[in-house]
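Here is the structure we will look at, set down as structure tokens.
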Amino acid sequence: MGKPHRSAAVLAVALALLAACGSQGDSPTPTPPSAEGLRDRTVAALRQLSTVHFEVKHEAGGTDLGGGLVLLTAEGDALFPDRAELTALTVLEAAGINLSMGIVQIGRDTYLRDPVSRIWRAAGPDTLPFNFVGMHDSIADALAAASGLAIADGGRKDGVSTFLLTGVVAARAFAGLVPSAVEDSELRIEVWIGVEDALPRSVRMVGALIAGDPPEMTRLMTLRDFNAPVTVEPPL
Numbered sequence: 060m061g062k063p064h065r066s067a068a069v070l071a072v073a074l075a076l077l078a079a080c081g082s083q084g085d086s087p088t089p090t091p092p093s094a095e096g097l098r099d100r101t102v103a104a105l106r107q108l109s110t111v112h113f114e115v116k117h118e119a120g121g122t123d124l125g126g127g128l129v130l131l132t133a134e135g136d137a138l139f140p141d142r143a144e145l146t147a148l149t150v151l152e153a154a155g156i157n158l159s160m161g162i163v164q165i166g167r168d169t170y171l172r173d174p175v176s177r178i179w180r181a182a183g184p185d186t187l188p189f190n191f192v193g194m195h196d197s198i199a200d201a202l203a204a205a206s207g208l209a210i211a212d213g214g215r216k217d218g219v220s221t222f223l224l225t226g227v228v229a230a231r232a233f234a235g236l237v238p239s240a241v242e243d244s245e246l247r248i249e250v251w252i253g254v255e256d257a258l259p260r261s262v263r264m265v266g267a268l269i270a271g272d273p274p275e276m277t278r279l280m281t282l283r284d285f286n287a288p289v290t291v292e293p294p295l
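See the structure below:
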């Protein structure tokens, strides 16, 4: 009779150990913050950045740059507080030709690399409809002005778990990033924000941001490589 009792005791201990190990391995589900609380954390995290890699795309169409050029995508690095370097993929609408243009922005100085001659030249501060210098503060300002906020599970972006923050913001709230942003338009925004660091991985904007935009113009900005080493120097 001794052996069955010992076997039962050993089994009970083993089950208890397994249960203990299982409970230690389970990570508690984090309590989602309020939408406003998450927004405030993200605004603060953005303002602390020293650099970021960014990419801007259009789900359809592009941004009019003037002179028959339309911006399709822009990708580059921003070095805060006052420098950015990027490559813009544009299309010359009349000819249907895609052109790649290099751009450097330092303070109020802008330099453009001619897509044909590949020669750099200085340009006026208002040559382009966007300004990626200080873009971290520009995005933070827009988020701080957003209303009608809601929060949901955003899944994984750039390898991290995210919250999805949605809301509405006046187009002019993005004036730091897009100085020519129109006065009488609202944008619907979706922002995928890292659960751990509160930094935005993607920002989706729907609505007219500049004059000539259709009502449902959709732009997607992705951000990554936060605080990575970046050098931006004037090309001339």
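Counting from 60, one number per residue, gives the positions in the sequence shown under my numbering.
Cβ coordinates follow ideal geometry from the N, Cα and C atoms, glycine included.
Minimum C-alpha distance to residue i - residue among the options
i, options, result
"Q164", "R180, G155, A94", "R180"
"A117", "T281, A287, L295", "Per the sequence presented here, residue 117 reads as His, with Ala not at that position. Ranking the options by Cα distance to H117, first place goes to T281."
"L130", "D168, L268, T149", "T149"
Separation of residue j from residue i, as counted between CA atoms
i, j, result
"H213", "V241", "Checking the sequence shown, residue 213 turns out to be Gly, not His. Their backbone Cα atoms lie some 29 Å apart in a straight line."
"G155", "D173", "17 Å"
"D85", "E114", "Any reading at D85 must be qualified, since the residue scores a pLDDT of 46, below 50, and its modelled position is unreliable; the value itself is stated next. When rounded, the distance between both Cα atoms is 37 Å."
"V72", "V219", "Residue confidence for V72 is low, a pLDDT of 45 falling below 50, so the modelled location carries little weight; the figure read from the coordinates is stated next. Cα to Cα, the separation comes out at about 38 Å."
"D185", "A229", "22 Å"
"P188", "L128", "12 Å"
"V175", "L158", "8 Å"
"G226", "T277", "15 Å"
"M160", "E292", "17 Å"
"G207", "I178", "47 Å"
"A199", "A209", "17 Å"
Unbroken beta strand (DSSP E) run spanning residue i, endpoints
i, result
"R215", "206-216"
"M280", "277-283"
"R247", "245-253"
"V102", "Note, V102: premise wrong, no beta strand (DSSP E); alpha helix (DSSP H) at 94-106."
"I198", "From DSSP, I198 is part of no beta strand (DSSP E) but of the alpha helix (DSSP H) over 194-203."
"V262", "259-265"
"D123", "122-125"
"I269", "Neither: I269 is in no beta strand (DSSP E) and is coded neither H nor E."
"R231", "Neither: R231 is in no beta strand (DSSP E) and is coded neither H nor E."
Residue i at chain D interface by Cβ criterion, 9 Å
i, result
"W179", "Chain labels in this structure do not include chain D; a single protein chain is all it has."
Cβ-Cβ separation, residue j to residue i (assumed contact under 8 Å), whole Å
i, j, result
"D123", "G271", "5 Å"
"F233", "S197", "6 Å"
Whole runs of the alpha helix (DSSP H) within the region 133-161, excluding any shorter than 4 residues: none
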